[in-house]
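Reading through the structure tokens given below for one structure.
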Amino acid sequence: MSKNYTLLKKDGKARRGEFRTVHGTIQTPVFMNVGTLAAIKGAVSSMDLKEIGCQVELSNTYHLHLRPSDEVVRKMGGLHKFMNWDRPILTDSGGFQVFSLSGMRKIKEEGVYFNSHIDGKKIFMGPEESMQIQSNLGSTIAMAFDECIENPAPRDYVEKSVERTTRWLKRCKTEMDRLNSLDDTVNKNQMLFGINQGGVYEDIRIAHAKEIRELDLDGYAIGGLAVGESHEDMYRVIDAVVPHLPEDKPIYLMGVGTPENILEAVERGVDFFDCVLPARNGRHGHLFTSEGKMNLFNAKYELDERPIDENCQCPACKNYTRAYIRHLFKAKEMLAMRLSVLHNLYFYNKLMEEIREAIDNDCYAEFKAKKLEAWSKKK
Ligand SMILES: [Zn+2]
160 MSKNYTLLKK DGKARRGEFR TVHGTIQTPV FMNVGTLAAI KGAVSSMDLK
210 EIGCQVELSN TYHLHLRPSD EVVRKMGGLH KFMNWDRPIL TDSGGFQVFS
260 LSGMRKIKEE GVYFNSHIDG KKIFMGPEES MQIQSNLGST IAMAFDECIE
310 NPAPRDYVEK SVERTTRWLK RCKTEMDRLN SLDDTVNKNQ MLFGINQGGV
360 YEDIRIAHAK EIRELDLDGY AIGGLAVGES HEDMYRVIDA VVPHLPEDKP
410 IYLMGVGTPE NILEAVERGV DFFDCVLPAR NGRHGHLFTS EGKMNLFNAK
460 YELDERPIDE NCQCPACKNY TRAYIRHLFK AKEMLAMRLS VLHNLYFYNK
510 LMEEIREAID NDCYAEFKAK KLEAWSKKK
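Mapping the sequence shown onto the working numbering, position 32 (from 1) lands on 191, and the numbers just tick up by one.
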């Protein structure tokens with residue numbers, strides 16, 4: 160049995176659990192709110208995150224390594240102190256950004272050589288460097304350094320890449336054990352999640368899952384999805400992989416997704432989620448509501464006195480009208496983005512709370528059907 164994760168209940172394959180960390184216990188399923196540079200884009204602070212029910216904040220290793228640098232964050236006492244957030248933080252490995260942001264890159268056995276997307280400077284990152292940076296940041300959960308392959312990719316490339324990802328994972332584990340044993344490490348209890356890869360090839364995914372589960376990590380992620388494949392392929396891969404990951408460890412589906420994607424993945428046994436979608440959409444006036452999506456730029460909201468969502472208790476909905484926030488967008492006032500991002504993140508965090516409640520009450524399937532029906536209403 161894992162000492163950190165407790166599976167409290169199952170409703171079908173949907174899992175209700177608890178994950179204990181040095182920064183507090185996480186109730187799962189959970190959505191992690193993405194603050195790339197130790198802030199949610201749209202002027203949302205760590206104080207706001209508490210108000211909108213965020214349990215876990217996610218920051219990006221690659222971005223913080225470049226700005227302000229992980230050394231600066233370490234000198235400031237780690238990410239928790241730096242951004243004034245005392246709950247769990249998950250940092251990604253930097254791998255995804257290295258592969259998606261840097262135009263020039265060379266993958267070698269030792270790691271990846273690439274150019275900074277800010278100033279073109281040459282940088283090297285391998286498993287050890289990624290662990291060192293994440294250790295300097297002092298996050299609660301660190302992610303293993305892997306290669307995120309785009310879909311579709313040729314089978315022989317995927318096979319070779321996955322083998323390398325496994326070798327990298329073993330190096331990550333060795334390096335994290337070493338770092339956690341040092342006297343001046345920010346968080347000596349830092350945890351490591353491994354990442355399952357294999358593109359859309361079920362057999363490669365399953366073989367890889369069986370291999371990495373032997374490493375007895377704190378949690379396991381399914382990576383390399385929502386990167387070009389269809390939703391059907393994504394659900395098929397999740398269906399195939401989840402049964403081969405340890406039942407007594409949390410499962411994290413990286414970078415996913417829409418509220419509909421989350422409902423589908425929870426039904427298949429996923430516990431952790433993250434996505435830039437709610438914040439990004441919010442910044443563009445695209446809002447999630449209990450009755451489906453809404454574009455605040457639409458002229459019909461010009462004199463609309465109702466809140467964004469009449470069923471929402473977020474700071475934006477409790478205090479402001481659609482007409483006002485729409486005006487702020489038209490006038491390019493920063494407050495428009497802030498209020499919309501607060502609403503969208505609250506919507507996601509609240510959705511997860513309702514999901515947990517539904518699993519607790521053995522009515523997940525019914526809950527999911529009701530939600531999907533309500534969201535499909537025309538706005
Ligand atoms: Zn709201």
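We put the beta carbon where it would ideally sit given N, CA and C, even for glycine.
Once DSSP output is grouped into helix, strand and coil, what is the label at N251? Looking at the sequence provided, one finds Asp at residue 251 rather than Asn. Of the three classes helix, strand and coil, the one that applies to D251 here is coil, per DSSP.
So what does K173 bridge to, in DSSP terms? According to the sequence shown, residue 173 is Ala rather than Lys. Partner(s): D170.
If you measure from each residue's Cβ to the nearest non-hydrogen atom of ligand 1, which ones come out under 6 Å, in chain order? I467, D468, C471, C473, A475, C476, H502, Y505
Take the Cβ of T333 as the centre, count every other Cβ of all protein chains shown within 10 Å, and call the residue buried at 16 or more, exposed below. exposed
Integer Cβ distance of F432 from N503, believed to fall under 8 Å: Actually they do not touch by this definition, with Cβ atoms about 14 Å apart.
Span separating the alpha-carbon of F178 from that of E216: 15 Å
DSSP three-state call for D463: helix, strand or coil? coil
G183 versus E318, K172, K168, Y164, residue with shortest Cα-Cα distance: Y164
With which residues is E216 paired in a DSSP beta bridge? N192, I248
Excluding the 5 residues preceding and the 5 following C476 in the sequence, name in chain order all residues of the same chain whose CB lies nearer than 7 Å to its CB. P466, I467, D468, H502
With DSSP as the reference, identify every bridge partner of Y164, one or two as the case may be. F178
Can you give the Cα-Cα distance for I354 and L196, rounded to whole angstroms? 22 Å
Short Cβ contact (9 Å threshold) for E210 with P474: yes
Just to confirm the assignment, what range does the alpha helix (DSSP H) spanning V500 have? 493-519
Please list the terminal residues of the continuous beta strand (DSSP E) segment that includes H445. 445-448
Determine contact between the region 314-334 and the region 288-302, defined as no fewer than three beta-carbon pairs at a distance below 8 Å. yes
By Cβ distance below 7 Å, which residues in the same chain neighbour M263 in space, the five residues on each side in sequence not counted? F273, N274
Of the choices F352, V257, K280, M284, whose alpha-carbon is the least far from that of E268? M284
Taking D392 and V429 to be in contact with their CB atoms under 8 Å, please state how far apart those CB atoms are, rounded to whole angstroms. Incorrect: roughly 16 Å between the Cβ atoms, too far for contact.
Only counting the same chain, and skipping five residues up and downstream in sequence, which positions put a Cβ closer than 8 Å to that of R442? K200, G201, M496, S499, V500
Can you grab the Cα-Cα spacing for the pair D305 / F255, in whole Å? 8 Å
When you compare only the Cα positions, how much space is there between K491 and A198? 21 Å
Quick check: what's the CA-CA separation for R372 versus A380? 11 Å
For G387, which option in K408, L376, R485, V415 has the closest C-alpha, if you only look at C-alpha atoms? V415
Range of the contiguous beta strand (DSSP E) that encloses N274: 271-274
Leaving out the 5 sequence neighbours to the left and right, which residues in its chain are closer than 6 Å to E309 when beta-carbon positions are compared? V386, G387
What's the gap between the Cα of D407 and the Cα of Q293? 25 Å
Please report the residue range of the beta strand (DSSP E) in which N454 lies. 451-454
Measuring straight from C-alpha to C-alpha, what distance separates N457 and M290? 46 Å
Which one of K240, N420, V400 has the shortest CA to CA distance from V345? K240
In terms of alpha-carbon separation, which member of P311, E516, E288, V257 lies closest to G279? V257
Starting from D278, trace the beta strand (DSSP E) in both directions and tell me its first and last residue. Where D278 is concerned, there is no enclosing beta strand (DSSP E), given that its DSSP letter is neither H nor E.
Measuring alpha carbon to alpha carbon, tell me which residue in Y507, A517, E361, E532 is nearest V189. Y507
With 16 as the cutoff for other CB atoms within 10 Å, does Q349 come out buried or exposed? buried
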